[in-house]
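Converting from the sequence shown to my numbering requires adding 15 to each position, the first position being numbered 1. Ideal Cβ positions, reconstructed from N, Cα and C, are used throughout, including at glycine. The model shown is predicted, which means the values in this text are computed figures rather than measured ones.
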Amino acid sequence: MPLSWYFLRVQVGREERIRKSLVARVKQSGLDERVAQVIVPTEEVAEVREGKRRIRKRKLYPGYLMMQADLSDEVWFTLRETPGFGDFVGARSAPTPMSDEEVENVLGRMRASKDQPKMSVQFQKGDRVKIKQGPFENMDGVVEEVHPEKGTLEVAVTIFGRSTPVSLGYWEVESI
């Protein structure tokens, strides 16, 4: 039987531990040839904290793993006996393999985030913010536009009684 991709439902917050446990059980049972890989689908996200840009991994689908395997009875039994494993996504009677399009979509998102991590956006249009640095330090404003690809905001600041748009980086403002 050829290798197919499956989505596995697991306990939320324990995805990596369950993945490691599953891989160890597969090796211990001698089923290495039938289970090619088990992954936690993640994407890299850039965050700005305290003026510094940091890259962190964020789960694309919390509570799920992806597994490429030849789903024989032995593999099925090993999965069922793994603590934290819930069930397969798909039909109730038999696990449904993911389509090639679904697999490429998830793996493509993972690859794309490695090449260029997304900016984590914690601001929305209409949010009130306080400027932390620069010529407008300690002034309050309202977010008019959010540019996640650039990591910038357009903030309307009142100067001399007029609302003036100012372009600022995420790290230059804080929510109030």
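Cutoff 7 Å; reference residue i; Cβ partners in own chain excluding five residues on either side
i	result
Q131	none
G141	V157 and V158
T57	K72, R73, K74, L75 and M125
Exposed unless 16 or more other CB atoms sit within 10 angstroms - verdict on residue i
i	result
V27	exposed
T93	buried
P17	exposed
P77	exposed
F103	buried
S128	buried
P112	buried
Closest Cα partner of residue i within the set the options
i	options	result
V15	V121, Y185 and E164	In the structure displayed, the chain extends from 16 to 191; residue 15 sits before or after that span and is not available.
Y21	M82, E187 and E119	M82
I70	Y79, V60 and G78	V60
S182	P77, P150 and I191	P150
P139	I54, I191 and P110	With the sequence shown as reference, residue 139 is identified as Gln, and Pro is not the correct amino acid for it. Ranking I54, I191 and P110 by Cα distance to Q139 puts I191 first.
8 Å Cβ shell around residue i - same chain, five flanking residues per side excluded
i	result
V90	V41, L46, R49, V50 and A84
E189	V144, K145 and K147
Other residues of its chain near residue i: CB distance less than 6 Å, five sequence neighbours each side excluded
i	result
R29	G99
Under 8 Å between C-beta atoms of residue i and residue j
i	j	result
G101	V172	no
V55	R32	no
S178	T97	no
Mind pulling the alpha helix (DSSP H) runs of 4 or more residues that sit fully within the region 83-129? 88-95
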